[in-house]
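Note sheet for the following structure.
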Amino acid sequence: MELWFTERHTPNVKFSIKVDHQLYSGNSEFQRIDVFDSKEFGRFLTLDGYMMLTEKDEFIYHEMITHVPMAVHPDPKNILVIGAGDGGVVRELTRYSSVESIDLVEIDELVVEVSRKFLPTTSCRLDDERVRIYYEDGVKFIRRCENKYDIIIVDSTDPFGPGEGLFTKEFYGSCFKALREDGIMVNQHESPFYPEDAAAMQRSHKRIVESFPISRVYQAHIPTYPSGHWLFGFASKKYHPVRDYEPTKWSMLGMKTRYYNTQLHCGAFALPNYVEEMLKDVE
Amino acid sequence: MTELSQVNAPIYEALRRFRRMRVVPFDVPGHKRGRGNMELTEFLGEDCMNVDVNSMKPLDNLCHPVSVIKDAEMLAAQAFGAFNAFFMVGGTTSAVQSMIMYACKEGDKIIMPRNVHRSAINALILTGAVPVYVNPDVNKQLGISLGMSVSQVEQAIRDNPDAKAIMVNNPTYYGICSDLRRISELAHAHGMLVLADEAHGTHFYFGECFPVTAMAAGADIASVSMHKSGGSLTQSSFLLMGSKVNADYMRQVINLTQTTSASYLLLSSLDISRKRLALSGREIFAQTVEMAEYARSEINDIGGYYAYSRELINGDSIFDFDVSKLSVFTLPVGLAGIEVYDLLRDEYDIQIEFGDIGNILAYISVGDRKRDIERLISALSEIKRRFGRNGADMLSHEYISPVVTETPRKAFYSDKVSVPLKESAGRVCTEFVMCYPPGIPILAPGELITQEIIEYIMYAKEKGCQMTGTEDINIERLNVQV
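What follows is the structure, given as structure tokens:
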């Protein structure tokens with residue numbers, strides 16, 4: 001018997017992982033949630049059939065979306081995480097003792113429940129006493145926040161489905177308002193490779209550029225995402241991600257990471273020419 | 284034959300049967316089930332092209348219905364609590380015109396509020412009927428026209444006992460209703476017909492918390508935009524009739540201007556949508572209202588904006604309010620409604636129904652999703668933060684009482700000359716000037732142009748309102764009587 005999980009990366013490209021067995025399948029008010037186990041990637045979580053994370057490569061995504069802004073901001077205390085019900089971002093954040101509060105806003109309570117049960121690798125720190133979980137639409141939550149956070153991490157799904165509001169200009173504008181005067185917003189920025197993903201990437205970049213004075217993009221290699229070439233957005237009111245970065249300060253923390261390091265931090269902001277061009281087109 | 288009920292959709296069912304018959308078409312339309320126009324077929328879909336067919340025996344004929352269309356119209360009448368119902372394929376415009384042409388001949392008077400849709404005044408040009416305008420009350424703060432007060436209607440009836448009909452908006456574009464029951468009683472006591480423009484009131488027939496429907500209030504004829512809140516395709520509507528209306532004569536009136544090639548896409552959409560509303564309209568509109576109420580309370584929490592509702596009710600010119608409408612007063616954030624309307628589209632990719640000088644209206648329906656409502660609210664909050672100004676020196680008052688010097692028909696067909704807008708004061712206009720939407724005329728044919736009106740038109744243009752109606756596409760010149 002062979003059981004395969006397949007996701008269409010484009011109408012003409014498929015990506016498949018051989019499934020050992022399925023651990024969970026269920027529908028929430030918002031989406032279908034599945035957890036599988038596999039020989040190659042360990043457990044993996046999909047929402048509406050789209051890959052969210054695998055145990056094998058989630059560290060890349062979570063380290064890169066978390067440590068880059070945390071290493072640039074000189075004193076991040078109050079953090080807001082939107083999406084990220086799997087707990088991966090929270091896990092990385094709780095490693096900083098300087099952090100005082102982590103507000104996690106996840107629209108789908110069932111994602112958190114399922115992650116707690118089947119994905120301990122990422123959900124392990126959701127019970128940290130600094131973490132408060134709010135189950136509501138991030139667009140709504142942030143509307144009421146003003147001058148409140150040092151860092152906002154937008155760990156969204158895709159620009160269609162329940163997460164589509166997290167790619168809109170009204171949302172980025174609300175994030176700007178919710179950040180303190182030296183705040184930083186980092187977001188999942190889609191991929192530049194396949195045309196549809198690239199169009200979404202350009203659209204959100206345009207909207208962020210219009211909302212923040214500093215807006216840069218950095219990359220990482222994530223094998224289970226379409227094309228593997230993935231981007232993150234770094235939007236900031238004051239700090240430049242490379243010029244205002246003090247690598248020694250971060251190194252002094254003595255944090256052990258598997259993907260992120262101080263040289264890679266700077267290198268990640270050096271983008272291929274075709275990506276630079278796409279970004280310039282909308283700046 | 285089994286008895287028909289609301290679970291049936293006779294036209295839809297006939298089309299499905301017809302499709303299975305695989306009839307070879309040597310009739311119009313010439314695209315022949317789409318095969319003759321593949322690009323269009325790829326765009327609209329084969330299923331759609333397959334039912335774009337002509338009237339024929341198995342499918343009945345809208346001009347003279349005897350089978351499935353007749354059945355479907357009977358079911359629609361039942362669903363809406365009407366004595367008769369007709370399917371209309373020329374928009375609610377054609378329904379409004381038909382009911383006026385039914386009620387009035389040349390020279391007959393008809394009492395109507397001035398804030399009617401242009402289709403009503405168009406009908407006056409066609410028939411030569413004479414309008415007796417009741418100036419609607421105005422809410423000075425919001426700058427919107429309200430309903431007609433009963434005392435003003437009474438006065439109009441006393442002054443014009445020979446009028447043939449009274450027309451009532453139920454509701455206005457903004458969701459405001461007059462006391463339709465009382466007005467109907469008054470009209471009937473004086474032998475006048477009551478015509479209701481229910482372009483924005485389809486859902487009243489299927490909900491607990493809505494204002495009274497025209498049919499329940501005793502009105503004689505109602506024009507209902509099924510394609511607005513009812514979910515059918517654009518351009519499809521119902522004409523509803525009470526027991527005193529001669530439906531066969533009405534059909535003749537409709538056939539004066541209605542196409543003889545009625546689209547089965549439109550007809551089936553009316554049929555299916557009627558079935559849907561009859562079976563589950565109450566739940567559908569309960570959800571719609573819940574979303575509108577939620578949006579209203581969140582928008583009012585932003586501050587500055589005023590999303591108004593039933594608190595406006597005053598027992599007369601605001602006899603009732605349609606809570607499914609999301610109308611928002613924007614001037615306190617220092618922005619004209621039309622500016623907010625443009626910002627929503629240009630900055631946030633959100634298209635709303637309309638913006639006028641002081642208000643915006645977002646159309647909420649069962650097709651909306653909670654997350655889109657959140658986007659709309661957040662975008663309004665962001666617009667206030669990014670673009671809000673001091674609200675002083677905004678022109679708010681919208682309604683200008685018209686001075687009618689000529690019937691619309693005489694003015695429209697009179698000898699005319701084109702003059703620059705700025706030099707037109709004191710002349711009699713022979714054409715319409717309106718912002719679209721909502722399509723309520725600022726000037727109608729036969730009305731005197733005043734300085735106040737010119738200033739209003741220029742202000743609306745400057746704020747970016749989409750102005751329509753004049754021969755001069757740029758609205759820099761107006762046609763006036765020689």
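If you read the protein sequences in the order shown, they are chains D and X.
Counting in the working numbering, the first sequence runs without a single skipped number right up to 283 at its last residue.
Counting in the working numbering, the second sequence runs without a single skipped number right up to 765 at its last residue.
Just so it is clear, CB atoms sit at the ideal spot from N, CA and C, and this is done for glycine as well.
Check                                                                                                                : Outcome
Distance CB(D/Phe167)-CB(D/Ser156) smaller than 8 Å                                                                  : yes
Other residues of its chain near D/Cys266: CB distance less than 6 Å, five sequence neighbours each side excluded    : Val242
X/His814 - DSSP class collapsed to helix/strand/coil                                                                 : What the structure shows of chain X is the stretch from 284 to 765, and residue 814 of chain X is not part of that stretch, so it cannot be assessed.
Where the segment 128–142 of chain D meets chain X: residues whose CB sits under 7 Å from a CB there                 : Asp137, Val139, Lys140
Collapsed DSSP secondary structure at D/Thr66 in the structure displayed                                             : helix
Range covered by the beta strand (DSSP E) that runs through D/Thr298                                                 : Only positions 1 to 283 of chain D appear in this structure, which leaves residue 298 of chain D out of reach.
Residues sharing a beta bridge with D/Trp250, DSSP                                                                   : Per DSSP, none; premise fails for D/Trp250.
X/Arg760 (DSSP reduced to helix, strand or coil)                                                                     : strand
N- and C-terminal bounds of the beta strand (DSSP E) containing D/Ser215                                             : 214–221
Continuous alpha helix (DSSP H) assignments of at least 4 residues falling wholly in the segment 696–763 of chain X  : 734–745
Chain X residues whose Cβ lies nearer than 8 Å to that of D/Lys206                                                   : The contacting residues do not exist; D/Lys206 stays about 11 Å from chain X at best.
Opposing strand residues paired with D/Tyr285 [DSSP bridges]                                                         : Any question about residue 285 of chain D goes unanswered here, given that chain D covers just 1 to 283.
Element boundaries [beta strand (DSSP E), containing D/Phe193]                                                       : Premise fails: D/Phe193 is in no beta strand (DSSP E) and is neither H nor E.
Close-in-space but distant-in-sequence residues of the same chain around D/Lys206 (CB under 8 Å, 5 per side omitted) : Val282, Glu283
Of the residues X/Phe604, X/Arg658, X/Phe309, the one placed nearest X/Glu594, counting alpha carbons only           : X/Phe604
Local Cβ density within 10 Å of D/Met1, reported as buried at 16 or more and exposed below that                      : exposed
Reference X/Ser290, options X/Cys331, X/Met332, X/Ala355, closest by Cα                                              : According to the sequence as given, residue 290 of chain X is Val; it is not Ser. It is X/Ala355 whose Cα lies nearest to the Cα of X/Val290.
Cutoff 6 Å; reference X/Ile567; Cβ partners in own chain excluding five residues on either side                      : Val649
Per-residue contacts from X/Ser664 into chain D (C-beta, under 8 Å)                                                  : Arg143, Glu170, Ser174
Sheet register partners of X/Leu448 (DSSP bridge)                                                                    : In the sequence as presented, Leu is not what sits at residue 448 of chain X; that position holds Ala. Its beta-bridge partners are X/Ile393, X/Leu476.
First through last residue of the alpha helix (DSSP H) which encompasses D/His265                                    : 262–268
Within 7 Å of chain D by C-beta, residues of the segment 623–647 of chain X in sequence order                        : Glu630, Tyr631
X/Cys460 in three-state terms, based on DSSP                                                                         : strand
7 Å CB neighbourhood of X/Thr517 in its chain, flanking five on each side removed                                    : His510
Contact list for the segment 153–165 of chain D against chain X, Cβ threshold 8 Å                                    : Pro162, Glu164, Gly165
Sub-8 Å separation of X/Gln764 and X/Thr733 beta-carbons                                                             : no
Under 9 Å from the C-beta of D/Lys177: neighbouring residues of chain X                                              : Ser664, Glu665, Arg668
Cβ contact (3+ pairs, closer than 8 Å) linking the segment 210–227 of chain D and the segment 100–117 of chain D     : no
Simplified DSSP assignment, three categories, for D/Gly233                                                           : strand
Proximity to X/Ser701 [Cα-Cα], best of X/Arg652, X/Asp391, X/Tyr624, X/Asn757                                        : X/Asn757
Exposed unless 16 or more other CB atoms sit within 10 angstroms - verdict on X/Met533                               : buried
Residue of D/Tyr194, D/Ser211, D/Val112, D/Glu164 minimising C-alpha distance to D/Asp86                             : D/Val112
Segment limits, beta strand (DSSP E) that includes D/Ile102                                                          : 101–105
Segments assigned beta strand (DSSP E), at least 3 residues, entirely inside the segment 110–175 of chain D          : 131–134, 149–155
Whether D/Phe36 touches D/Glu55 by CB criterion (8 Å)                                                                : no
For D/Glu7: DSSP bridge partner residues                                                                             : D/Phe15
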